[in-house]
Every structure is written in structure tokens, then in C-alpha cells.
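Q:
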Amino acid sequence: MDELDLRTQDISTQTPSGASGFLLQSNPELQKLFFSPTENENPKVNEAKIRRLYLQAASQQWYAPQRINFDQEITLDDESRRIWQKFITIFYTLEKMGLNVIQNMMVKAVRKYKSEEMAFYLSAQTFDEARHVFAIESYLRKLGAPPKYQWRYHVLGQAASVGAFRVENWLFSTLFSENFASAFIRRARQANIDPIGNELCKYLLVDESRHLHFLHIVLPDIMDRLSMFGKAYVKAAQYFIMKFSTSVLEAVEKEATHVGIDRVAMLEEVFENVEKAYEGFGVSRDFLWFPKINPSRVSPTHRILASELSH
Ligand SMILES: [Fe+2]
Ligand SMILES: [Fe+2]
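With positions in the sequence shown counted from 1, the corresponding number in the working numbering is that position plus 1.
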């Protein structure tokens, strides 16, 4: 039997590529063929935009064993390695939770917004999350930590997908979690922990910004249709999720500083992006309750020591 060939064609993660990509640009007939949404009498979301995003997602797929060189050396001092194993285990848990939740919510979202284009797009996003979990699992093994789901964070996934407004609640929670993930990935890359992690972050970021793009397409329409009670419900659930995340981060601040991640700056960035997004949905700045970000408890001396140690 032939050996399994793990190499695949090189696919650009920047723009839709390949022969059909070029054809599309100058061929209105093909554009119509591929870009027109399936006929739907009463869509509750912008189907044309969602279809385009599906096409983009389909053209930006990547394959971890081919894209990321897992054969590189990871050299870290013992303390940094311990902390990084811990952080990536939390990140792995959140991604795995995201995968479970999207699998559970996809059908409900498609039914609720009567959009077949959403079925296309969310299937692609589900595979994105499966790819993330797979890649992070491999990275964890390289770091010397067996991938292990942390049940203490499970409550986040539940808070994001239960109750009367669970589809809305899930989508709004995703806005927070995707922003949170993006901020973490960007900062992890800046902290330059190891070459494998850096490559991984690069590919994750391409997908996570597409996931945010999807939310910016659908959430304004969803917000418009939400009743007063629905809005209050979403607001409370969002507060719980943000408060929980804020406390978790506060508890690990010293360790974060050790590996070069600034807890306060990261949270401020996340809240600012979430706030801007809500403003874009036409609700006032104070629609959301944001938990307080407590000032840093890490002394400047520790900060300097940590940055010297890790680099
Ligand atoms: Fe992800
Ligand atoms: Fe995502």
C-alpha cells in the first residue's frame, strides 16, 4: 500500500487563491454563480456577506503538520516552561470548549435565522476550531504536557449557550471569546516564547479575525431584533463571562508577567475592542457592564527581573 502523503498544495492564507480566484475577478458570470446566496424568502441575516465569508474561509484552510514546523527545538527555563504549559492548557481548554459549543449551536442558529448560508459558513468555522484544537494539542505535546481538558472552566461554555436566548447569547459570548483569544495570541507572539508557538499563533490569528468578521456581519441585525428582555439577558450573561475571565487572569498575573504578557494591558485591549464592536451595533457605550480591571500587583522590580530571565 502507498504511504500516506502528508504534503498538500500550498494555499495562501492571505487572499482567496487558485485558478478560480483569478477567474472570479474578471468574470461577472462566475461571480454571480458563486457569490449569489441560495434563494431564501425571508433571511434574517445578510446572506450575501455570509456567503462571501464562507468562500474566503474555504480558500484559507491550512494544515498544521505542513504549515508549522513541529520539528523545532523549544528551549525554556523550567519556570517559563511550567507557566507556558499551564497557559496553553487553559487556551486548549477554551478552544476545545468553543468546538463543542459551536457543534451544539450551529443547527440552532441556522434554524433561528433561517439562513442556509449560515450552515455553509458555520461548518467552515467548526472545522477551523477542530484544526485549532488539533494544532494546540500537538503544541502541548511538544511542550511536554499531555493535553488535558480543565473542567473548572467548563462553566464558561455553559453560560454561553443555555437559556431562552441561547443562540444570541452564544454569538455575543463569541464576540468576547474571539477578541480574548486574538489578544492572547497577539501578545504570545510578541512575547516570542518559542518558534513553534510563534508559527502557530500566526495561523490561528488569520482564522480568529475571520471569526470576528462573521460576528460583525450578523450581530447588528441580531441586536436590532432582540427584545428588551433579551438584551437584559445577554447583558447579564456577558457580565458573568467577563467577570470570570477577569478573575482567572488576575490569579495568574505574576506568571503572565514572567513569560512577558501584561495582564492589565491585555484586558484593556479586549474590553476596548468589545466596547467598540457594540457601539458599531448601534447600542450606546454603556450597554455592557464591564467588570473592573484591578491595578497590577506585580512590582516593577519583578517585571524587570522577569523580562531579563525569559530573554
Ligand atoms: Fe479557535
Ligand atoms: Fe474562533
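Glycine is no exception: its CB is placed at the ideal position from the N, C-alpha and C atoms.
If you follow the alpha helix (DSSP H) that Pro29 is part of, which residue opens it and which one closes it?
A: Here residue 29 is taken as the residue at index 28 of the sequence shown, counted from 1. Its alpha helix (DSSP H) spans residues Pro29 to Phe36.
Q: Here's the rule I'm using: 16 or more other beta-carbon atoms within 10 Å means buried, otherwise exposed. How should Gln61 be labelled?
A: What you label residue 61 is simply residue 60 of the sequence shown in a count that begins at 1. Buried, by the Cβ-count rule.
Q: Just to confirm the assignment, what range does the alpha helix (DSSP H) spanning Tyr154 have?
A: If you number the sequence shown from 1, residue 154 lands on position 153. Membership of Tyr154 in any alpha helix (DSSP H) is not indicated, and neither H nor E is assigned to it by DSSP.
Q: For Glu118, which of Ala165, Ile69 and Phe215 has the nearest alpha-carbon?
A: Residue numbering aside, residue 118 sits at position 117 when the sequence shown is read from its first letter. Of the candidates Ala165, Ile69 and Phe215, the one whose C-alpha sits nearest the C-alpha of Glu118 is Phe215.
Q: Run the proximity test for Ala58: is its beta-carbon closer than 7 Å to any non-hydrogen atom belonging to ligand 1?
A: Walking along the sequence shown from the start, residue 58 turns up at place 57. No, the Cβ of Ala58 stays beyond 7 Å of every heavy atom of ligand 1.
Q: For Ala184 versus Gly198, is the C-beta distance shorter than 8 Å?
A: Mapped onto the sequence shown, residue 184 falls at position 183. Mapped onto the sequence shown, residue 198 falls at position 197. Their beta carbons are not under 8 Å apart, which means Ala184 does not touch Gly198 by this criterion.
Q: Just to confirm, are Ile294 and Ala161 a CB contact at a threshold of 8 Å?
A: Start at 1 with the first residue of the sequence shown, and residue 294 comes out as number 293. Start at 1 with the first residue of the sequence shown, and residue 161 comes out as number 160. Their beta carbons are not under 8 Å apart, which means Ile294 does not touch Ala161 by this criterion.
Q: Grouping DSSP H, G and I as helix and E and B as strand, with all else coil, what is Trp63?
A: Indexing the sequence shown from 1 puts residue 63 at position 62. Residue state, collapsed to three classes: coil.
Q: Hey, is the region 126-136 in contact with the region 99-110, meaning 3+ C-beta pairs nearer than 8 Å?
A: These segments touch.
Q: What is the rounded straight-line gap between the Cα of Val156 and the Cα of Leu141?
A: As a working mapping, residue 156 is identified with position 155 in the sequence shown. As a working mapping, residue 141 is identified with position 140 in the sequence shown. The alpha-carbon atoms of Val156 and Leu141 are separated by roughly 23 Å.
Q: What residues in its chain sit with their C-beta under 6 Å from that of Arg298, if we drop five residues either side in the sequence?
A: Within the sequence shown, the letter at position 297 stands for residue 298. No residues qualify anywhere along the chain.
Q: At what residues does the alpha helix (DSSP H) containing Ser297 begin and finish?
A: Here residue 297 refers to the residue found at position 296 of the sequence shown. Per DSSP, Ser297 belongs to no alpha helix (DSSP H) and is neither H nor E.
Q: Provide the residue span of the alpha helix (DSSP H) that contains Phe92, from first to last.
A: As a first step, residue 92 is located in the sequence shown; it is residue number 91 there, counting from the start. Unbroken alpha helix (DSSP H) run through Phe92: Asp79 to Lys113.
Q: Which residue comes first and which comes last in the alpha helix (DSSP H) that contains Glu169?
A: As a working mapping, residue 169 is identified with position 168 in the sequence shown. Unbroken alpha helix (DSSP H) run through Glu169: Arg167 to Ala192.
Q: Helix, strand or coil, according to DSSP, for Leu227 in the structure here?
A: Stepping through the sequence shown from its first residue, residue 227 is reached at position 226. Leu227 falls in the coil class under three-state DSSP.
Q: From Phe71, Lys87, Ala125 and Lys115, pick the residue whose C-alpha is nearest to that of Ala59; which is it?
A: To locate residue 59, count along the sequence shown from 1; it is residue 58. If we check each option's Cα against that of Ala59, Ala125 comes out closest.
Q: Is it the case that the region 196-211 contacts the region 262-269, given that we only count it when at least three CB pairs across the two stretches are under 8 Å?
A: no
Q: Which residues mark the beginning and the end of the alpha helix (DSSP H) in which Lys255 is found?
A: Start at 1 with the first residue of the sequence shown, and residue 255 comes out as number 254. Glu254 to His259 is the extent of the alpha helix (DSSP H) around Lys255.
Q: Quick check on DSSP: helix, strand or coil for Ser116?
A: The sequence position of residue 116 within the sequence shown is 115, counting from 1. Here Ser116 carries a coil assignment [DSSP, helix/strand/coil].
Q: Would you identify the three-state DSSP class for Leu289, choosing helix, strand or coil?
A: In the sequence shown, counting from the first residue as 1, residue 289 sits at position 288. The answer is coil: DSSP assigns Leu289 none of H, G, I, E or B.
Q: Alpha carbon to alpha carbon, what distance is there between Pro221 and Phe88?
A: Here the question's residue 88 lines up with position 87 in the sequence shown. Here the question's residue 221 lines up with position 220 in the sequence shown. Approximately 33 Å, taken between the alpha carbons.
Q: What is the C-beta distance between Ser139 and Asn41, in whole angstroms, given that I count them as a contact (C-beta under 8 Å)?
A: Counted from its first residue, the sequence shown places residue 139 at position 138. Counted from its first residue, the sequence shown places residue 41 at position 40. Not a contact, Cβ separation roughly 40 Å.
Q: Can we say the region 269-279 touches the region 175-183, given the rule of at least three CB pairs closer than 8 Å?
A: yes
Q: On the three-state DSSP scale, how would you describe Tyr150?
A: Here residue 150 is taken as the residue at index 149 of the sequence shown, counted from 1. Tyr150: coil per DSSP, three-state reduction.
Q: Ignore the nearest five residues each way along the sequence and tell me which others in Thr14's own chain have a CB closer than 8 Å to its CB.
A: Reading the sequence shown from its first residue, position 13 is the one you call residue 14. Any reading at Thr14 is ruled out, since the residue's pLDDT is 43, under 50, leaving its predicted position unreliable.
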